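One gets our numbering by counting positions in the sequence shown from 1 and adding 2 to each.
Yeah, the Cβ is synthetic: ideal placement off N, Cα and C, and Gly gets one too.
Keep in mind that this is a model prediction, so the values were computed, not measured.
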Amino acid sequence: MTKIGLNQTHLATFVLVDAQGVEVSGLGTTFTVQLSKNGGAFLAGTSTKAEIGSGWYSYLVSASDTDTAGPLALKITAPGAAQQNLLYEVSGSLFESPVGPLFATVADVAAFLQIDIPSDDEAALRALGEATAAIRNYTRQYLSRVEDDTITLDAPHGRRLFLPELPVVSVETVIEESVALVANTDYRLDGAGLLHRLKGNVWNFWGTSEGLQNIEVTYTHGYDPIPDDIVVIATRAAARAYQAGLKAEENGGVGGLISKQLGDYSVGFSPEATSMEGTMGVSAARLLLMSEKDILNKYRI
């Protein structure tokens with residue numbers, strides 16, 4: 003059974019014949035297509051139909067036709083032709099990144115590797131999620147734009163309060179000990195993400211809360227769009243993880259396998275895989291290289 007990815011398109015081609023098995027040509031687009039999604043009722047297909055020639059026809063299975071996982075049945079009928087039945091399996095899922103917005107796309111990885119990768123390929127999306135998480139963990143920054151993020155901070159000793167996520171785009175509100183402060187009167191934001199108390203005042207470290215979780219800040223931070231160098235690093239890191247996964251699948255999950263032989267069965271392993279610290283499996287694919295970390299250092303706090 004042919005498989006189609008969830009929300010993906012597929013060009014279905016088929017031959018229409020009469021009761022004697024002779025190809026029926028000249029129907030144009032007058033044939034009828036009905037679809038059943040995952041055992042549901044048959045409904046009229048509304049996508050593009052075409053006659054290819056010599057009794058061959060086509061129907062473009064659209065993304066709206068493949069929005070339900072499970073069997074997808076097509077029933078094609080036409081005057082003077084026997085009913086043609088086609089059956090597909092719609093599989094996959096709409097991937098939701100557990101780490102928030104991804105820093106690169108499947109298309110970026112496909113272009114870098116110079117191969118075709120479906121946009122909903124879960125292995126590629128998972129690799130992008132891993133690369134994004136690795137960059138966020140290394141920089142200790144979320145980096146993607148977040149609007150109106152509310153955080154609660156301890157009061158520092160002195161006039162300067164550091165906001166943890168950079169760059170700071172804007173500060174909407176600052177509340178200290180339940181009192182709303184006024185921008186450019188009570189505090190001012192500098193270019194480094196620091197809030198400065200003005201008029202000789204300091205942040206209230208001696209209040210009723212003794213400076214613990216007594217300042218609430220609502221602010222907008224992060225990049226939109228993500229800087230090109232981060233996109234490039236995410237793409238390269240995801241490509242390495244994706245390739246490692248393909249290699250593991252090819253080798254049945256056996257790490258370090260570099261050669262096979264059918265007659266008098268034998269396999270060969272890389273020296274690293276047979277050493278005391280052999281870690282050539284997919285789990286050992288390096289997420290971030292030192293050269294990439296050097297580039298990311300300017301975003302790290």
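1. Any chance the region 13 to 31 sits against the region 136 to 148, with 3 or more Cβ pairs inside 8 Å?
2. With distances taken from CA atoms, which of Ala194, Asn203, Phe105, Leu290 is nearest leucine 183?
3. Among residues of its own chain, excluding the 5 on either side of serine 277, which ones have a beta-carbon nearer than 7 Å to its beta-carbon?
4. Identify, in the order they occur along the chain, each residue of the same chain with its Cβ nearer than 7 Å to the Cβ of glycine 193, setting aside the five sequence neighbours on each side.
5. Under the three-state reduction of DSSP, which class applies to glutamate 124: helix, strand or coil?
6. Is asparagine 87 helix, strand or coil when you go by DSSP?
7. Report yes if the C-beta distance between valine 176 and tyrosine 189 is below 8 Å; otherwise report no.
8. Rounding to the nearest angstrom, what Cα-Cα distance links glycine 213 and isoleucine 232 in this structure?
9. Report buried or exposed for serine 146, applying the criterion of at least 16 other Cβ atoms within 10 angstroms of its Cβ.
10. Alpha carbon to alpha carbon, what distance is there between glycine 41 and leucine 127?
11. Would you mind reading off the limits of the alpha helix (DSSP H) that contains threonine 237?
12. Use the C-beta contact count for histidine 223: other C-beta atoms within 10 angstroms, 16 or more gives buried, fewer gives exposed.
13. What are the residues that DSSP puts in a beta bridge with aspartate 151?
14. Whole-angstrom Cβ separation of alanine 319 and valine 101, contact assumed at under 8 Å?
Well, looking at it:
1. Verdict: no, contact absent.
2. Within the sequence shown, numbered from 1, the residue matching residue 183 stands at position 181. Restricting attention to Ala194, Asn203, Phe105, Leu290, the CA atom closest to the CA of leucine 183 is found in Asn203.
3. The residue you call residue 277 lines up with position 275 of the sequence shown. Below a pLDDT of 50, predicted positions are generally treated as unreliable, and serine 277, at 41, falls in that range; no measurement from the model is reported.
4. Residue mapping note: residue 193 aligns to position 191 of the sequence shown, counting from 1. If we look at glycine 193 and ignore the five residues flanking it on each side, it has no Cβ neighbours.
5. The residue labelled residue 124 in the question sits at position 122 within the sequence shown. The DSSP-derived three-state label of glutamate 124 is helix.
6. Looking up residue 87 in the sequence shown gives position 85. Asparagine 87 carries a strand assignment under DSSP once its states are collapsed to helix, strand and coil.
7. Here residue 176 refers to the residue found at position 174 of the sequence shown. Here residue 189 refers to the residue found at position 187 of the sequence shown. In contact: valine 176 and tyrosine 189 (Cβ atoms closer than 8 Å).
8. Numbered from its first residue, the sequence shown carries residue 213 at position 211. Numbered from its first residue, the sequence shown carries residue 232 at position 230. When rounded, the distance between both Cα atoms is 37 Å.
9. Translated into positions along the sequence shown, residue 146 becomes position 144. Buried, since its Cβ has 16 or more Cβ neighbours within 10 Å.
10. Residue numbering aside, residue 127 sits at position 125 when the sequence shown is read from its first letter. Residue numbering aside, residue 41 sits at position 39 when the sequence shown is read from its first letter. Spanning the two alpha carbons is a distance of roughly 29 Å.
11. Start at 1 with the first residue of the sequence shown, and residue 237 comes out as number 235. Run containing threonine 237: 230 to 252, per the alpha helix (DSSP H) assignment.
12. Stepping through the sequence shown from its first residue, residue 223 is reached at position 221. Histidine 223 should be labelled buried.
13. Your numbering for residue 151 matches position 149 in the sequence shown. DSSP output for aspartate 151 lists Tyr221 as bridge partner(s).
14. The shown model of the chain, from 3 to 303, leaves out residue 319, and the question about it has no answer.
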